[in-house]
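Taken in order, these protein sequences are the chains called Y and Z. Numbering-wise (this note's numbering), the first sequence opens with residue 11 and increments by one. Numbering-wise (this note's numbering), the second sequence opens with residue 29 and increments by one. Every residue gets a Cβ at the ideal spot worked out from N, C-alpha and C, and that includes glycine. What you are looking at is a predicted structure, and each value in this text was computed from that prediction instead of being measured.
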Amino acid sequence: MQEVAYTTEIPAGGHWSLRLHRGTSLRITDVDGGANVGMVFFSSENSLERYNAPDTLKGQHTFKLTKGNCLYSDMGRVFASIVEDSLGWHETLCGNSHAEHVTQQWGKRDYQNNQNAWHQNGTDAFLIELSKYGLTRADLPANVNWFNKVQTDANGQMALAEGHSTKDSQVELRFEMDTLVVLHTCPHPLSSAAEYPIGQVQLELGLAEPVAEDDYCKNWCEENKRAFQNNDLYYLGV
Amino acid sequence: MITESPLNTANADFSEVVDAGDYFIYPLNKGETMRILDLEGNQAADTLFFNLHDPSERYSAMDTIREQRNVYLTSGSILRTNLNKPMLEIVADTCGRHDTLGGACATESNTVRYSLEKRCMHACRDSWMLAIAEHPEYGIQKQDIGHNINFFMNVPITEEGGLTFEDGISGAGKYVEFAALLDTCVLISNCPQLNNPCNGYNPTPVEVFIWS
Numbered sequence: 011m012q013e014v015a016y017t018t019e020i021p022a023g024g025h026w027s028l029r030l031h032r033g034t035s036l037r038i039t040d041v042d043g044g045a046n047v048g049m050v051f052f053s054s055e056n057s058l059e060r061y062n063a064p065d066t067l068k069g070q071h072t073f074k075l076t077k078g079n080c081l082y083s084d085m086g087r088v089f090a091s092i093v094e095d096s097l098g099w100h101e102t103l104c105g106n107s108h109a110e111h112v113t114q115q116w117g118k119r120d121y122q123n124n125q126n127a128w129h130q131n132g133t134d135a136f137l138i139e140l141s142k143y144g145l146t147r148a149d150l151p152a153n154v155n156w157f158n159k160v161q162t163d164a165n166g167q168m169a170l171a172e173g174h175s176t177k178d179s180q181v182e183l184r185f186e187m188d189t190l191v192v193l194h195t196c197p198h199p200l201s202s203a204a205e206y207p208i209g210q211v212q213l214e215l216g217l218a219e220p221v222a223e224d225d226y227c228k229n230w231c232e233e234n235k236r237a238f239q240n241n242d243l244y245y246l247g248v
Numbered sequence: 029m030i031t032e033s034p035l036n037t038a039n040a041d042f043s044e045v046v047d048a049g050d051y052f053i054y055p056l057n058k059g060e061t062m063r064i065l066d067l068e069g070n071q072a073a074d075t076l077f078f079n080l081h082d083p084s085e086r087y088s089a090m091d092t093i094r095e096q097r098n099v100y101l102t103s104g105s106i107l108r109t110n111l112n113k114p115m116l117e118i119v120a121d122t123c124g125r126h127d128t129l130g131g132a133c134a135t136e137s138n139t140v141r142y143s144l145e146k147r148c149m150h151a152c153r154d155s156w157m158l159a160i161a162e163h164p165e166y167g168i169q170k171q172d173i174g175h176n177i178n179f180f181m182n183v184p185i186t187e188e189g190g191l192t193f194e195d196g197i198s199g200a201g202k203y204v205e206f207a208a209l210l211d212t213c214v215l216i217s218n219c220p221q222l223n224n225p226c227n228g229y230n231p232t233p234v235e236v237f238i239w240s
């Protein structure tokens, strides 16, 4: 990222959506450790083009997301590249907490008594943001859960890694196309934290450095190179 | 877990052979059972499920995987919707493992995975686009086409967090069978992919049976 143009803190249980242009960067920091940031992407030009986790994983022969990986749309293009990652593993298959997960773990959402400390869940947070754009639950694809890791064994048994993200863990995305970013900071659906998590997440926005010919993410695998070519075709003449 | 079915295809109320490259769309109502038979072995059957009466409620890979704490599907697996509700149960499986992560091929992802110049090779997503165009009566639109199951496909995960496409563990005559817990619509693409071993480089027909 070039200079930081804007910094903000998103409290736990919060949500936001914003359009980021090709050539901008978003840096996400887990301020206190133990955060979860659910995130999905749509083309800001045509919301039918959206983040596709299976294409992202199989295209790069990976199960985890880290520096070097690109977040693919379902149209063969890259929304964003993970240009920096201090943590080394983020997951994209567990989906979001539903109201019943949160109620069972920490008690139901209750604005009357808790006000902004209410127990929001990831699914509802996404539905709220999506509705602002005329999008519905049908438009919610598999999301990224930044700062969380799930590990599998030889039989496919899966568990959330406890204490995976420590204080000040940080990941930076560089946007390769104009993107609608929708995010929440609600708990991971497999979280067994004793209390509803209250840690903050910091977001920094700025312009990205131009993409060099030997860019790490673009060249991380042959597939990423072709995806970048698709982006170049998409922006031909722009 | 390998589990044989007590059902006999001779008594099925419905059956249809689905050629490679074709789609299959059909209702499977609560209480009915469907079997997909891998006729010649190692054929990926990319499958989506919808609530028959409201396709905005659909099979959710994320909710299914998370709630069963396992990335693979076999007998005993409960397929869940995006409302986290049980939708179908796999009641028989002679293959032993089915994939939830690989998704379906598409002409667009083929350009990334193989070559920009392979954009015109047939792919599962195109079959689904034709299905929804030809069958508006199901009310399914592009945004409803989400993350499918790949029956008969084997996609192991490594300890370092990598993903590999292995040779299939399925074989001629293997099948998977599921019972509907609510009224559903089943949408299958019999995968035409020629660029990787998911179909053993030789896409072949599958057969579908329904017992009411």
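If contacts are defined as beta-carbon pairs under 8 angstroms, then residue i and residue j qualify, I think. What distance do you get, rounded to the angstrom?
i                 : j                : result
Arg63 of chain Z  : Ser33 of chain Z : 7 angstroms
Thr189 of chain Y : Ser54 of chain Y : 6 angstroms
Ser179 of chain Y : Leu97 of chain Y : 4 angstroms
Glu182 of chain Y : Arg37 of chain Y : 4 angstroms
Asp95 of chain Y  : Arg60 of chain Y : Contact flag wrong, Cβ pair sits at about 23 angstroms.
Check whether the Cβ atoms of residue i and residue j sit closer than 9 angstroms, and answer yes or no.
i                 : j                 : result
Arg184 of chain Y : Cys227 of chain Y : yes
Gln71 of chain Z  : Ser198 of chain Z : yes
Leu144 of chain Z : Gln239 of chain Y : yes
Thr61 of chain Z  : Ala207 of chain Z : yes
Thr195 of chain Y : Ala63 of chain Y  : no
Ile30 of chain Z  : Ser103 of chain Z : yes
Leu81 of chain Y  : Phe51 of chain Y  : yes
Ile185 of chain Z : Leu129 of chain Z : yes
His111 of chain Y : Asn155 of chain Y : no
Ala22 of chain Y  : Pro207 of chain Y : yes
Ser137 of chain Z : Gly69 of chain Y  : yes
Val99 of chain Z  : Pro233 of chain Z : no
Lys159 of chain Y : Trp99 of chain Y  : yes
Please list, in chain order, the chain Y residues whose beta carbon lies closer than 9 angstroms to that of residue i.
i                 : result
Lys170 of chain Z : Leu58
Thr192 of chain Z : His71
Just the C-alpha distance for residue i and residue j, rounded to the nearest angstrom, thanks.
i                 : j                 : result
Ile243 of chain Z : Leu76 of chain Z  : Given a span of 29 to 240 for chain Z in the structure shown, any question on residue 243 of chain Z remains unanswerable.
Gly216 of chain Y : Thr18 of chain Y  : 12 angstroms
Gly189 of chain Z : Thr76 of chain Y  : 10 angstroms
Lys202 of chain Z : Gln12 of chain Y  : 56 angstroms
Ile53 of chain Z  : Gln125 of chain Y : 47 angstroms
Tyr51 of chain Z  : Glu68 of chain Z  : 18 angstroms
Thr139 of chain Z : Glu235 of chain Z : 30 angstroms
Met157 of chain Z : Pro55 of chain Z  : 18 angstroms
Ser43 of chain Z  : Leu101 of chain Z : 23 angstroms
Arg141 of chain Z : Gln221 of chain Z : 12 angstroms
Glu111 of chain Z : Gly105 of chain Y : The residue you asked about is not Glu; residue 111 of chain Z is Leu in the sequence shown. The alpha-carbon atoms of Leu111 of chain Z and Gly105 of chain Y are separated by roughly 11 angstroms.
Asn178 of chain Z : Thr146 of chain Y : 25 angstroms
Asp120 of chain Y : Gly132 of chain Y : 15 angstroms
Quick one: which chain Y residues come within Cβ less than 7 angstroms of residue i?
i                 : result
Tyr100 of chain Z : Gly166
Asp91 of chain Z  : Gly105
What does residue i reach in chain Y if we use C-beta pairs closer than 8 angstroms?
i                 : result
Ser88 of chain Z  : Gly105
Ile185 of chain Z : Phe73, Thr162 and Gly166
Under 7 angstroms Cβ-Cβ, which residues of chain Z neighbour residue i?
i                 : result
Gly86 of chain Y  : Glu136, Ser137, Thr139 and Val140
Lys177 of chain Y : Per Cβ cutoff of 7 angstroms: no residues; Lys177 of chain Y is ~23 angstroms from chain Z at best.
Gln239 of chain Y : Leu144
Going along chain Z, which residues have a C-beta under 9 angstroms from residue i?
i                 : result
Asn62 of chain Y  : Gly131, Ala134, Ser137 and His175
Glu139 of chain Y : Residues of chain Z passing the Cβ test: none, with the nearest at roughly 16 angstroms.
Hey, which unbroken runs of the beta strand (DSSP E) at 3 residues or more fall wholly within the region 77 to 141 of chain Y? Listed in chain order, they are 80 to 82 and 88 to 95.
Curious, which full-length alpha helix (DSSP H) runs of at least 4 residues does the region 140 to 224 of chain Z contain? Correct list: 152 to 162.
Please give me, in chain order, every unbroken run of the beta strand (DSSP E) with length at least 3 that falls completely inside the region 150 to 194 of chain Y. Fully enclosed beta strand (DSSP E) runs of no fewer than 3 residues occupy 154 to 156, 160 to 162, 168 to 170, 179 to 185 and 189 to 194 of the region 150 to 194 of chain Y, in order along the chain.
Uninterrupted beta strand (DSSP E) stretches inside the region 61 to 122 of chain Z (no shorter than 3 residues): Inside the region 61 to 122 of chain Z, DSSP marks whole beta strand (DSSP E) runs of 3 or more residues at positions 61 to 66, 73 to 79, 82 to 86, 106 to 108 and 114 to 121, from first to last along the chain.
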